[in-house]
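Chemist: Quick one: this structure, given as structure tokens, is what I'll be asking you about.
2 protein chains.
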Amino acid sequence: MPAPGSVGQVATLAARLFTAQSPLRLASGAVLGPVDVAYETYGTLSAGKDNAVFICHALTGDAHAAGFHEGAKRPGWWDNLIGPGKPLDTDRFFVISANLLGGCQGTTGPSSTNPDTGRAYGLDFPLLDMADFVTVHRALLAHLGIERLLAALGGSLGGMQVLEWGLRHPEQVTNAAIVAASSRLTAQNIAFSAVARRAIMDDPDFHDGRYAEVGVVPRLGLRTARMMAHITYLSEDAFSEKFGRTPHPERDKPGFGIDFAVESYLDHQGRVFLERFDALSYLYLSRVMDYFDPFSRPDALHGVAASPVKFLVLSFDTDWRFSTDHSRRIVKHLQNAAQPVTFREIPSSWGHDSFLLPVARYHDTLRGWFGRALREGLR
Amino acid sequence: MPAPGSVGQVATLAARLFTAQSPLRLASGAVLGPVDVAYETYGTLSAGKDNAVFICHALTGDAHAAGFHEGAKRPGWWDNLIGPGKPLDTDRFFVISANLLGGCQGTTGPSSTNPDTGRAYGLDFPLLDMADFVTVHRALLAHLGIERLLAALGGSLGGMQVLEWGLRHPEQVTNAAIVAASSRLTAQNIAFSAVARRAIMDDPDFHDGRYAEVGVVPRLGLRTARMMAHITYLSEDAFSEKFGRTPHPERDKPGFGIDFAVESYLDHQGRVFLERFDALSYLYLSRVMDYFDPFSRPDALHGVAASPVKFLVLSFDTDWRFSTDHSRRIVKHLQNAAQPVTFREIPSSWGHDSFLLPVARYHDTLRGWFGRALREGLR
């Protein structure tokens, strides 16, 4: 019997949304098929199909956002948010969470088999665009027989998908919550991802992206990439509070290994990441973020001007990966187009990672926002 | 004929300061010999030997701080500061700059030959302490026949050496200028260095530190380390101002190469670094910074309490590698011991790298401080 507040045991489902004969047409013009999507749902779709909320995950997330897989000890990555009585209340909402295109947890990505060759795509996989994630999310919605979303919600890269969805297909998204995201990465943002990709591609086991055929994985490069990224996910104060200068308890004598607790943390984060993530997906998904710049499109706001979306934009005051400036820029663009947008900067000591954590002010804000959305219903 | 303000052509000199028979005794108790030191001097030592200023360099610096080596097009790394009429005026001061112990530009370090084996030390080189840098600097001073310094000056790791020198041997340092430095790295500071070291040691060409014997260099790991470090040397605004989201002019089509100008910059910084720096030195010198925590010593301030040093502590407002908080901590410790300390936070948009740049307020501050030091003379 599941714990109170848990959606209980769940399983990831799969759907073939595009085939070789009826492929996905990407923003670049390239076609891709078949495309399979891994997804989960929590709660019950109302008879009127008017309570659907779509969750968009961040760079390294997956479809398993809530509840427990059979035999698993750890719940999904957003379990603190999603469940009966939780801010995203599965007694009231029907929640859909899908692994995104280019990912590596069930949805077609660069390490999937290329039907033309019988081998993994590798770097032959087409370059993706934020719009392509949304196209596939929309195909999943259609597959589920749902026309419109009461809300879309995502953090970081997830928030960027929500923004793209709201701008491109405003008639489909009544409410759009964009958390700790950006509409335009800075040079520093790009720089961090560039070094991460460099570390991955420099790994001799990368083999120009054909590592699967060789039977290896560019583990060292992927680990370095993840360790570096984790530095940017926490605030400097959070690092100090969590680890300070505490020595690693298993250190025998000073050297170049794991001498400090913070080094043990990074080492652990790097190692566990290897068990669940794919190096090619890291390249493809991070590059989409670099290029994302929706408000540079001259017609970016035409859609919402005709069919307004109720936007919620949240930032965290200690997030230096996507600081509040990024959120303010989004808000400014939307306000310039007279969109209904609510903005909150949430105090939280944890930095970018806050969007995954049960920060009270943050969860309260989302709870209130979802409640309002339900009362007001679909547009 | 040298340009006005230049010290002109210079050459790096070498001195054997310790021998196998009379080795250097390290803070750890280990002994090391021979120890050679590479150094340069600019200006003229006064008859009273009372105008000597010692320059301590940062993590990847070297002895060549000013002027031009024969045939070189680029001057030393602090040439904007040191020269006739410059803030550190070589018409008035005798300036000494030495490559530090553990380095790779002429001073004995982990890639020097171990006389016991006839091969490079590699990881058999002893772990170093900030005090060891100072011990070798002091030996060089003695070699030059100089008893006391009018001033010591350094930025970043260089500032840490100056702090250590002032605390341990206050009678030898009348004035001590500590720029953009720290007395105690944060967990985030350590984290960045830890990932850099991980990248170096993970490189298959590292060969457990014996890469010289194999005839290779862990180029890829060292490049990744340097690229990542460079992100932390500039402020986010400086990155935006310098590069923004400008595409790299030679980009042909989007991919995972050098698509953005900022990626070209990092790539360049990584590549040129390989020509001048050694991977083992990176490990050894960065680790000294991690462990440096002088004010944790119960007797840290006993020396300066008896023999005060005139400290100048400078930070830059956009430096997020060693933010002003680090400098304030140093100031607070010194003030608690009633030391004469001047503190300035200099406005500069460039972040940590500002200490190497001709920031007007910064150079004016140093010019005034050196002038005052000269007028007041040795203690």
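These protein sequence lines map, in sequence, to chains B and E. The first sequence begins at 324 in the numbering used here and counts up one residue at a time. The second sequence begins at 324 in the numbering used here and counts up one residue at a time. Even for Gly, the Cβ is constructed at its ideal location relative to N, Cα and C.
Would you be able to state if there are at least three C-beta pairs under 8 angstroms between the region 647-659 of chain E and the region 678-689 of chain E?
Modeler: The region 678-689 of chain E is not in contact with the region 647-659 of chain E.
Chemist: Can we count E/Val540 as close to the ligand NAP, meaning its CB is less than 7 angstroms from some heavy atom?
Modeler: Among the components of this structure there are no ligands whatsoever, and the ligand NAP is therefore not found.
Chemist: Using a C-beta to C-beta distance shorter than 8 angstroms, which residues of chain E count as neighbours of B/Ile554?
Modeler: Result: Gln511, Ala514, Phe515 and Val518.
Chemist: Rounding to the nearest angstrom, what Cα-Cα distance links E/Ala439 and E/Glu536 in this structure?
Modeler: For the record, residue 439 of chain E in the displayed sequence is Asp; it is not Ala. Their backbone Cα atoms lie some 15 angstroms apart in a straight line.
Chemist: Quick one: list the residues of chain B neighbouring E/Phe583, beta-carbon separation under 8 angstroms, in chain order.
Modeler: Neighbours of E/Phe583 on chain B, chain order: Ala510, Ile513, Ala517 and Asp613.
Chemist: Going along the chain, which unbroken runs of the beta strand (DSSP E) with 3 or more residues stay wholly within the region 659-694 of chain B?
Modeler: Within the region 659-694 of chain B, the complete beta strand (DSSP E) runs of at least 3 residues are 664-669.
Chemist: Is E/Gly674 buried or exposed, if buried means 16 or more other CB atoms sit within 10 Å of its CB?
Modeler: Buried is the call here.
Chemist: Chain E beta carbons: is any one of them nearer than 8 angstroms to that of B/Pro577?
Modeler: Yes, B/Pro577 counts as interfacial toward chain E.
Chemist: Using the DSSP secondary-structure output, state which residues sit across from B/Pro433 in a beta bridge.
Modeler: Paired residues: none, contrary to the question.
Chemist: Use the C-beta contact count for E/Ala522: other C-beta atoms within 10 angstroms, 16 or more gives buried, fewer gives exposed.
Modeler: E/Ala522 is buried by the Cβ-count criterion.
Chemist: Between E/Met524 and chain B, is the shortest Cβ-Cβ distance under 8 angstroms, so that the two count as touching?
Modeler: By this cut-off, E/Met524 is an interface position.
Chemist: Identify, in the order they occur along the chain, each residue of the same chain with its Cβ nearer than 6 angstroms to the Cβ of E/Ala462, setting aside the five sequence neighbours on each side.
Modeler: Hits under 6 angstroms: Leu340.
Chemist: Compute the distance between the beta-carbons of E/Asp613 and E/Ser506, then report whether it is under 8 angstroms.
Modeler: No.
Chemist: Are the beta-carbon atoms of E/Ala623 and E/Leu490 separated by less than 8 angstroms?
Modeler: Contact: yes.
Chemist: Would you give the residue range spanned by the alpha helix (DSSP H) that E/Val311 belongs to?
Modeler: For chain E, the structure presents residues 324 to 702; residue 311 of chain E sits outside this window and is missing.
Chemist: Among the candidates E/Ser672, E/Pro449 and E/Ser516, whose CA atom is the shortest distance from the CA of E/Leu480?
Modeler: For E/Leu480, the nearest C-alpha among the options comes from E/Ser516.
Chemist: Going by other Cβ atoms of all chains shown within 10 Å of its Cβ, with 16 needed for buried, is E/Glu699 buried or exposed?
Modeler: E/Glu699 comes out exposed.
Chemist: Give me the DSSP bridge partner(s) of E/Gly477.
Modeler: The partner list for E/Gly477 (beta bridge, DSSP) reads E/Cys379 and E/Ile501.
Chemist: Applying a beta-carbon distance threshold of less than 9 angstroms, which residues of chain E neighbour B/Gly489?
Modeler: Within 9 angstroms Cβ-Cβ: nothing; B/Gly489 doesn't reach chain E, min ~22 angstroms.
Chemist: Counting only beta-carbon separations shorter than 8 angstroms, does E/Ser563 have a partner in chain B?
Modeler: Chain B contact via Cβ: present.
Chemist: What does a CB cutoff of less than 6 angstroms around B/Ile469 pick up in its chain, not counting 5 residues either side in sequence?
Modeler: Lys372 and Ala375, listed in sequence order.
Chemist: CA-CA distance, E/Ala519 and B/Ala510?
Modeler: For E/Ala519 and B/Ala510, the distance between alpha carbons rounds to 20 angstroms.
Chemist: Is there a C-beta anywhere in chain B that falls below 8 angstroms from the one on E/Phe693?
Modeler: E/Phe693 does not count as touching chain B.
Chemist: What are the boundary residues of the beta strand (DSSP E) that includes B/Phe639?
Modeler: Note, B/Phe639: beta strand (DSSP E), Lys633 to Phe639.
Chemist: Keeping to the same chain, check which residues put their C-beta closer than 7 angstroms to that of E/Cys427; ignore five residues upstream and five downstream.
Modeler: For E/Cys427, where only same-chain residues beyond five positions count, the Cβ hits under 7 angstroms are Ser434, Phe600, Asp601 and Ser604.
Chemist: List the residues of chain B that E/Arg610 touches, going by C-beta distances under 7 angstroms, in chain order.
Modeler: Simply Phe579.
Chemist: In angstroms, rounded to a whole number, what distance separates the CA positions of B/Ile405 and B/Ala474?
Modeler: Computed Cα separation, rounded: 14 angstroms.
Chemist: Taking E/Tyr365 as part of the beta strand (DSSP E), name the residues at either end of that continuous run.
Modeler: Here the beta strand (DSSP E) through E/Tyr365 covers Val358 to Tyr365.
Chemist: Mind listing the chain E neighbours of B/Arg320? Cutoff is C-beta to C-beta under 9 angstroms, in chain order.
Modeler: What the structure shows of chain B is the stretch from 324 to 702, and residue 320 of chain B is not part of that stretch, so it cannot be assessed.
Chemist: Enumerate, from N- to C-terminal direction, the unbroken alpha helix (DSSP H) stretches of 4 or more residues contained entirely within the region 574-641 of chain B.
Modeler: Within the region 574-641 of chain B, the complete alpha helix (DSSP H) runs of at least 4 residues are 584-597, 602-614 and 625-629.
Chemist: Name the residue from B/Leu486, B/Gly399 and B/Ser587 whose alpha carbon lies nearest to the alpha carbon of B/Lys565.
Modeler: Checked all of B/Leu486, B/Gly399 and B/Ser587; the closest Cα to B/Lys565 is B/Ser587.
Chemist: Give the single residue among B/Leu679, B/Val485 and B/Tyr534 whose Cα lies nearest to the Cα of B/Gly384.
Modeler: For the residues B/Leu679, B/Val485 and B/Tyr534, the minimum Cα distance to B/Gly384 belongs to B/Leu679.
Chemist: Are B/Met483 and B/Ala504 closer than 8 angstroms when you measure CB to CB?
Modeler: Taking 8 angstroms as the Cβ cut-off, B/Met483 and B/Ala504 qualify as a contacting pair.
Chemist: Taking the continuous beta strand (DSSP E) assigned at B/Ile554, which residues delimit it?
Modeler: Segment Arg542 to Tyr556 is the alpha helix (DSSP H) holding B/Ile554; no beta strand (DSSP E) there.
Chemist: Give me, in chain order, the residues of the same chain whose beta-carbon lies closer than 6 angstroms to that of B/Trp643; leave out the 5 immediate sequence neighbours on both sides.
Modeler: Answer for B/Trp643: no residue qualifies.
Chemist: Looking at C-alpha atoms only, which residue of B/Phe456, B/His380 and B/Phe416 is the closest neighbour of B/Val611?
Modeler: Selected option, being the one with the closest Cα: B/Phe456.
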